[in-house]
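Here the structure comes first, spelled out in structure tokens, and everything after it is commentary.
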Amino acid sequence: MSQKVILTGDRPTGNLHIGHYFGAVKKRVEMQYDYNTYIIIADVQALTDNFENPDKVRKNVKELALDYLSVGIDPTHSHIFIQSMIPAIAELTVLYSNMVTVSRLYRNPTTKAELGQKKSVFGNDGESITYGFLGYPVSQAADLTAFDCEVCPVGDDQLPHLEQAREIVRKFNHIYGETLKEPEAVLSKTPRIKGLDGNEKMGKSLGNAIFLNDTTEVVSKKIMNALTDPSKIRKDDPANPEICMVYYYHKLLNNPNVENVCNECKKGLRGCVSCKKELIEKMEEFLTPIRNKRKYYEEHPEEVDTILKEGTERANKKAAEVLDRVKKSVKIDYFE
Ligand code: TRP
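Numbering of the sequence shown is given in the working numbering, commencing with residue 52 and proceeding in unit increments.
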């Protein structure tokens, strides 16, 4: 057990799409055999901006677990657990809340960006932002440190939270003595995946995503509507693949034929429809084993429950040890 610890995860607010997969999850799957890996289903964090939709969060805890298992998070190597079932995380969050100023939390770029998107929850001026939402990066610092995480494979939108966690750790260690480990972010080579519409980000709320559990029919429809070079009107017009999302995904999926795709497109030797059909085929090759695995677990829900319960048990054991250490440092360890 001298392996370094990975802690990473997602909020259960919807299914994972290929942007999540290529941006972060693929890396976790690869790294899980070399690290002691904890995967957090961050339901408490999801509630910070979904507190009025507990059913949505609850449903997506299971959906996220299915997504993880279907892409190859291996429960015999990784501990998949539910955040709200780890009381030590909540306790650490309280203790860390003294290590960060309110103005620093307001300056967190990811919080700011999310606030902009969350006008419906928090109002136009951000004045009705809740204490919980503003403070969730503190609870994320607790997630990370509760497991002595040293390595955190995440998408680049999470870097501000990692930085904030590191600041909290440094301040804590400075005041109370060396107690916590500083987590480091590891980005995948393709940290942000563009949407079908050419948007810089693939996102569920942007309506430009291919989900890992999309059916063949849905995938085909989405790809047939994907953005191509708008100047290409006829099938034999030459076009610029660099501004075509179909070409972008051919590359993303490592289509061995990608050079042909590019050259033929530039010379007007290939129409968009045939190019899209080829992409649909490649996407299906990629998604089919994922769908099959998901189907297995959907048909064996009791196995998924056991995986979550056992992962949570192991996570609780570790987090309780770290909490003990923290309490000792803060001198609130009153009785043996
Ligand atoms: N904030 C992450 C997201 O929105 C989810 C998350 C919660 C997380 N705790 C974490 C990620 C700890 C990495 C490490 O996707």
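For glycine and all other residues, C-beta sits at the position ideal for the given N, C-alpha and C.
All values derive from a computational prediction rather than experimental measurement.
His-212 carries a helical assignment under DSSP once its states are collapsed to helix, strand and coil.
Residue nearest to Ala-139 within the set Tyr-299, Lys-273, Pro-340, Asp-199 is Asp-199 (criterion: CA-CA distance).
Per DSSP, reduced to three states, the secondary structure at Tyr-84 is coil, with no helix or strand assignment. The Cβ atoms of Leu-338 and Leu-263 sit closer than 8 Å to each other. Taken through DSSP and simplified to helix, strand or coil, Ala-93 comes out as coil. Straight-line spacing of the CA atoms in Glu-178 and Thr-162 works out to 14 Å.
Pairing Lys-255 with Ala-371, the inter-Cα distance amounts to about 35 Å. Assignment of beta-bridge partners to Ala-236 by DSSP yields Cys-203. Of the heavy atoms belonging to the ligand TRP, at least one sits nearer than 7 Å to the Cβ of Thr-59.
By the CB criterion at 8 Å, Val-189 and Val-151 fall inside the cutoff. Nearest to Ala-277 by alpha-carbon distance, out of Glu-103, Gln-191, Tyr-300, Pro-211, is Tyr-300. Annotation for Gly-186: the continuous alpha helix (DSSP H) segment containing it runs 182-196.
The stretch 67-81 makes no contact with the stretch 213-227; the number of CB pairs closer than 8 Å stays below 3. At least 8 Å separates the beta-carbon of Tyr-187 from that of Phe-132. DSSP places Ile-57 in no alpha helix (DSSP H) but in the uninterrupted beta strand (DSSP E) bounded by 56-61. Nearest Cα to Phe-73 within the set Leu-304, Glu-310, Cys-323: Leu-304. A contact between stretches requires three or more CB pairs, one per stretch, nearer than 8 Å, and the stretch 347-360 fails this requirement with the stretch 302-317.
By the neighbour-count criterion, in which a residue is buried when 16 or more other Cβ atoms sit within 10 angstroms of its Cβ, His-212 is buried. For a cut-off of 8 Å, the C-beta gap from Arg-243 to Glu-251 is around 7 Å, short enough to register as a contact.
DSSP, read as helix, strand or coil, puts His-130 in strand.
Of the candidates Lys-222, Cys-323, Leu-117, Cys-323 places its Cα closest to the Cα of Pro-281. Beta-bridge pairing by DSSP links His-68 to Phe-262. Taking C-beta atoms as the reference points, Lys-169 and Asp-100 count as a pair closer than 8 Å.
Linking Lys-318 to Pro-292 through their CA atoms gives a straight-line distance of about 11 Å. Here Arg-345 is buried: its Cβ has 16 or more other Cβ atoms, across all protein chains shown, within 10 Å. In the same chain as His-68, and ignoring 5 residues on each side of it, the C-beta atoms closer than 7 Å to its own belong to Met-253, Lys-255, Ala-260, Ile-261, Phe-262, Leu-263, in chain order.
Cβ neighbours of Ala-97 within its own chain (closer than 6 Å, five residues either side excluded): Arg-62, Pro-63, Thr-64, Val-108.
Secondary structure of His-225 (DSSP, three-state): helix.
Taken through DSSP and simplified to helix, strand or coil, Ser-171 comes out as helix.
Rounded to the nearest whole angstrom, the CA to CA distance from Tyr-348 to Val-172 is 34 Å. Using a Cβ distance threshold of 8 Å, Met-334 and Val-269 do not count as a contacting pair. Around Cys-203, the same chain offers Ile-57, Leu-58, Thr-59, Leu-195, Gln-209, Leu-213, Pro-234, Glu-235, Ala-236, Val-237 as residues with beta carbons nearer than 8 Å, after the five sequence neighbours per side are excluded.
The three-state secondary structure of Leu-156, taken from DSSP, is helix. Leu-257 has its CB no nearer than 7 Å to any heavy atom of the ligand TRP.
A Cβ-Cβ distance of about 6 Å is found for the pair Val-377 and Leu-146, placing them in contact under the 8 Å criterion. Straight-line spacing of the CA atoms in Lys-77 and Glu-387 works out to 44 Å.
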